[in-house]
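This report refers to the structure that appears directly beneath it.
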Amino acid sequence: MIIFILRRLGIMALTMVVVSVMLFLLLEFTPGNVATKVLGPYSSEEQRTLWLEAHGYFEPLWVRYFSWLGNFVTGDFGESVRFKVPVAEVLWPRLWNTVVLGFWVFVVMIPLSLLLGVLAGMREGSALDRSISVTSIITTSIPEFASAVFLAAIFVFWLGLLPGTSTMTGGFDWWQLVLPVMVLVIYDFGYVARMTRASMAEVMTTPYIRTAILKGLPYRRVIMRHALRNALIAPFTVIMLQINWLLSGVIVVEFFFAYKGFGALLLEASLNQDIYLIEACAMVAVFVAAATQTFADIGYTYLNPRIRFS
Amino acid sequence: MSRKSSKSMHPYVPELKELLRNGKFSRRDFLSTATRLGVSLSAAYAMAGGVLGLCASTVARAAAPKAGGILRCSMNVKEMTDPATYDWSEKGNLARHMTEPLVRINKDNLAEPYLAETWEASEDLKTWTFKLRKGVKWSNGDDFIADDVVFNFERWLDPATGSSNQGRFSSMTRQIDTGKKDKEGKPVMSTVAAEGAIEKIDDHTVRFHLNRADISLPEALGDYPALIVHRRFSDEGGDLSKNPVGTGPFTLTKYSVGEVAEYRRRTDHPWWGGDVYLDGIVYIDHGDDPGPTIAAFASGQIDCNYRTSVEQVPSLKTIPNLVTYETVTAQTGVARMKITEAPFDNKLVRKAIQACMDHTKLLELAYQNFGAPGEDHHVSPIHPEYFKLPPLTQDYALAKKLLADAGYANGLKVRIDCVANPTWEQTAVKVIAEMCRPAGIEVVINIMPGGTYWDRWMTTPFGFTSWTHRALGVQVLNLAYRSGVAWNETSYSNPEFDRLLDEAGAILDPRERSKVMKKLETILQDDTIIIQPFWRSEFLTATNKVRNMYCQVASESHFNKVWLG
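Residue numbers (the working numbering), protein chains in the order written: chain C, 1 to 310; chain U, 311 to 875.
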């Protein structure tokens with residue numbers, strides 16, 4: 001197990017290095033750009049040259065990359081071009097905001113989708129299954145930018161029940177969290193519910209469930225004791241992958257509701273070619289992707305005896 | 311050089327009054343010219359009132375203001391480190407409530423005394439003396455004095471600062487040889503402050519010695535990078551957000567870049583400008599998309615926004631209790647052609663494109679008719695020296711003939727670069743492209759992010775560049791069309807044009823200047839280096855409880871006299 005984890009960590013570090021080199025090459029190829037971005041389009045050539053010189057941009061590319069990498073591993077992510085503050089100063093609070101959003105999405109979405117998935121999968125083809133499946137397919141096929149507009153039209157413009165933006169400028173506000181969470185849950189619960197349903201339906205057709213039913217166990221007990229444990233292994237992996245999806249999936253929602261999270265930050269950084277901020281965001285995203293996958297693998301191994309004992 | 315005593319009036323003022331009396335000068339022209347000559351704004355309003363028989367109190371007097379409350383405004387909260395390097399009016403607004411300019415451009419597009427109480431120019435317009443306001447206190451307890459102004463100017467003109475003010479006050483700079491050579495062996499020149507350009511007379515008087523006449527000095531001092539910081543700004547870290555020392559009525563209490571900026575009214579010292587009604591101001595960043603701002607209005611989370619884009623005007627009108635303020639500005643965009651690049655080096659091609667344009671239709675289609683049609687010479691009807699030329703007309707037969715004469719009888723394909731945002735720019739370009747089509751000119755539109763466009767705005771053969779408001783026509787022509795200047799994006803070079811521009815720049819009377827402007831406008835329009843679709847209006851929106859609000863021509867937040875009803 002330890003070797004497995006170490007190998008995973010090694011792959012993760014390698015992925016991060018490769019991504020960072022690629023990004024660095026893509027973004028830093030023309031240093032002139034950076035000076036224009038900092039000093040604005042109306043700066044003179046002389047002013048830009050002086051700025052580049054003062055900020056070490058005339059060093060060779062690899063020198064700059066390694067000095068950036070050296071700083072990065074010691075926790076100094078450089079300074080954001082757009083915000084003119086250290087990257088860490090904007091990155092961590094924004095990431096935390098997204099964690100808060102993601103947490104509440106999961107708190108609502110996981111029980112809801114598992115419940116619906118199990119209910120649908122228990123009796124494949126029943127009226128309940130049909131209605132849950134159709135609802136799930138419909139909600140999942142509506143993209144967030146459409147459901148966000150639709151929900152805002154109802155709850156903000158028509159009923160006036162909920163705040164239209166979620167900037168949280170006056171401190172944390174539950175009401176401001178409702179719409180972003182609702183949009184993400186509506187988009188995502190259908191997918192997880194469908195996966196749970198498929199897994200449940202598959203388990204329900206296995207011989208041991210048939211045996212349990214035939215030997216006269218109460219149906220409730222068959223589901224709770226025998227079916228669920230096995231049916232939830234597949235959704236576990238799916239849910240772990242949703243963390244990864246959330247990190248990029250929140251971009252639209254955060255942008256729409258002006259929620260100050262990681263997704264909005266990444267978008268802003270990309271639109272403004274804020275190189276150090278993009279690098280740091282990308283590193284975070286790669287780390288989260290690799291870490292959740294590692295965690296999912298470990299969890300899966302633990303949950304599935306066939307893998308654990310092989 | 312003759313100079314008047316500080317108490318005397320500029321010798322041209324009596325003549326100005328006479329022109330106003332005879333009806334040869336509009337009230338607006340009178341106010342604009344008189345204030346430029348150092349007459350205080352209130353005195354100018356009073357003079358105009360005296361001449362025209364109006365009461366000075368016709369100057370806006372609204373109902374009794376109510377104190378208290380916090381104004382919540384939607385605006386991008388950008389970085390605000392150093393006013394000298396600001397390149398967005400949002401940054402200027404973030405700093406404006408703490409740091410102030412010497413001169414402010416008011417809602418009538420007039421230069422109004424701010425930290426400078428009065429100013430006057432010598433007759434040759436090369437020596438300008440600014441009297442600074444007394445009794446102004448910095449928020450750290452220091453007095454505001456001439457040393458502050460001298461410090462700011464020296465910093466702006468230093469190339470290492472990277473301030474656009476270096477270009478704005480280029481009449482106070484000189485070129486020096488750095489002793490270095492570039493790759494081609496040519497000496498590398500540097501632009502620095504001209505010796506003796508900035509002179510401190512006493513603690514409250516500063517004199518500027520220009521190397522050429524410049525009638526637009528007061529207006530240039532009203533631009534957002536010319537906000538005055540404390541004389542120890544650089545020594546104390548050079549970061550306004552971390553060390554918010556200012557002369558303004560508010561102080562920064564919370565700042566999180568990209569999220570929020572909060573201000574509270576200063577209590578340590580009364581503001582020099584009298585009563586301030588708001589207890590505080592909050593700027594909330596809703597991102598680049600206008601959607602959240604509309605939602606924030608709908609759910610009562612904001613009281614006003616910084617700017618309403620033209621596309622938003624209709625949707626905001628559907629929300630009750632909102633008022634949208636409009637102001638006609640000299641803001642515009644130009645589809646400019648680089649005359650050193652093929653096929654735009656051929657004047658016939660440029661004229662053919664011009665012949666395809668219907669400017670009135672352009673304004674209607676691309677900007678919902680809010681503004682005025684352009685005339686391809688970059689002088690606005692609201693500029694005091696504007697001269698109206700005969701209107702341009704769409705003529706496809708002429709366009710085809712010009713194109714054939716230029717050797718493109720079978721049609722021509724060109725590419726234009728433009729920015730994705732703000733969207734009116736790409737809309738204007740799309741309409742231009744459509745108008746070119748019937749003449750056999752195919753315009754391929756290359757839409758790119760702002761950052762990418764601004765990297766190539768000076769070099770692209772054909773590009774659509776937005777230009778901000780400037781109070782005088784000569785200011786724009788000097789910045790964009792004079793031979794060899796830094797922002798000459800068309801590479802236009804015409805000695806006769808430069809000569810006439812020098813001539814116009816030394817004429818104070820806008821009526822006299824407009825005679826020279828007629829020639830300048832004609833030359834530019836005939837050489838057809840730009841297609842200028844329209845002059846556009848600017849808008850901002852506020853709820854009806856926000857009082858004394860207006861949309862300033864350069865989107866500056868003037869909140870010191872705003873109150874909440």
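Every residue gets a Cβ at the ideal spot worked out from N, C-alpha and C, and that includes glycine.
Does any CB atom of chain B fall closer than 8 Å to the CB of C/T169? This model lacks chain B altogether, as its protein chains are C and U.
Could you tell me the boundaries of the beta strand (DSSP E) in which U/D632 lies? Sequence inspection shows Leu at residue 632 of chain U; the Asp mentioned does not correspond to that position. Here the beta strand (DSSP E) through U/L632 covers L632 to M647.
Does any C-beta atom of chain C lie closer than 8 Å to the C-beta of U/E569? yes
Within this structure, are the beta carbons of U/A426 and U/V413 separated by less than 8 Å? yes
Roughly how many whole angstroms lie between the Cα atoms of C/T205 and C/F189? 24 Å
By the DSSP assignment, the alpha helix (DSSP H) with U/G773 in it spans what residues? From DSSP, U/G773 is part of no alpha helix (DSSP H) but of the beta strand (DSSP E) over F772 to W777.
Per-residue contacts from U/D599 into chain C (C-beta, under 9 Å): F255, F256 and A258
Would you report the Cα separation of C/W175 and C/A152, rounded to the nearest angstrom? 13 Å
Report the residues of the stretch 752-785 of chain U with a CB closer than 7 Å to any CB of chain C, ordered along the chain. P759, G761, W764, D765 and W767
Is U/G378 close to chain C, meaning its C-beta is less than 8 Å from at least one C-beta of that chain? no
For U/V620 and U/T832, I'd like the C-alpha separation in whole angstroms. 31 Å
Collapsed DSSP secondary structure at U/A370 in the structure displayed: Legend: pLDDT at U/A370 = 42, less than 50; position of this residue unreliable, no value from coordinates given.
Counting contacts by CB-CB distance shorter than 8 Å, is C/P163 in contact with chain U? yes
Using a Cβ-Cβ cut-off of less than 7 Å, list which residues of the stretch 607-640 of chain U approach chain C; keep chain order. A608, S609 and Q611
Helix, strand or coil at C/Y276 [DSSP, three-state]: helix
Buried or exposed for C/V21, going by 16 or more other Cβ atoms inside 10 Å? exposed
Buried versus exposed, by CB contacts within 10 Å (16 or more), C/R225: exposed
Check this for me: beta carbons of U/L830 and U/L810, under 8 Å apart or not? yes
C/V192 and C/M283 - do their beta-carbons sit closer together than 8 Å? no
I need the DSSP call for U/Q485, collapsed to helix, strand or coil. strand
Selection from C/R229, C/L162 and C/N272 that minimises the alpha carbon distance to C/N304: C/R229
Leaving out five residues on either side along the sequence, give the residues of the same chain with a beta carbon under 7 Å from the beta carbon of U/T882. As displayed, chain U neither begins before 311 nor continues past 875, which places residue 882 of chain U out of reach and without an answer.
Through-space distance from U/S544 to U/T637, alpha-carbon basis: 37 Å
Mind checking whether U/C383 and U/S847 have CB atoms under 8 Å apart? no
For C/R7, go through chain U and note every residue whose CB falls closer than 9 Å to its CB, in chain order. Ordered by position in chain U, no residue passes the 9 Å Cβ test against C/R7, which lies about 39 Å from the chain.
On the criterion of 16 or more Cβ atoms from any shown chain inside 10 Å, does U/M499 qualify as buried, or is it exposed? exposed
Give me, in chain order, the residues of the same chain whose beta-carbon lies closer than 8 Å to that of C/I213; leave out the 5 immediate sequence neighbours on both sides. Y219 and V222
From which residue to which residue does the beta strand (DSSP E) around U/M758 run? I751 to M758
Helix, strand or coil: which one does DSSP assign to U/P497? strand
When DSSP labels each residue in this structure, what does U/K510 get in the three-state scheme? strand
Neighbourhood of U/R576 by C-beta, 7 Å cutoff - its chain only, sequence neighbours within 5 removed: S449, P559, F560 and T561
With a threshold of 7 Å on Cβ separation, who are the neighbours of C/L95 within its own chain once the five nearest residues in sequence on each side are excluded? F262 and V284
For the stretch 66-82 of chain C and the stretch 265-272 of chain C, state whether three or more C-beta atom pairs, one from each stretch, are separated by less than 8 Å. yes
Could you round the C-beta distance between C/T169 and C/G117 to whole angstroms and report it? I think they count as a contact, below 8 Å. 38 Å between Cβ atoms; not a contact.
In angstroms with no decimal places, state the Cα-to-Cα distance between C/T167 and C/E59. 40 Å
Supposed contact pair U/L722 and U/L713 - C-beta distance, whole angstroms, cut 8 Å: 6 Å
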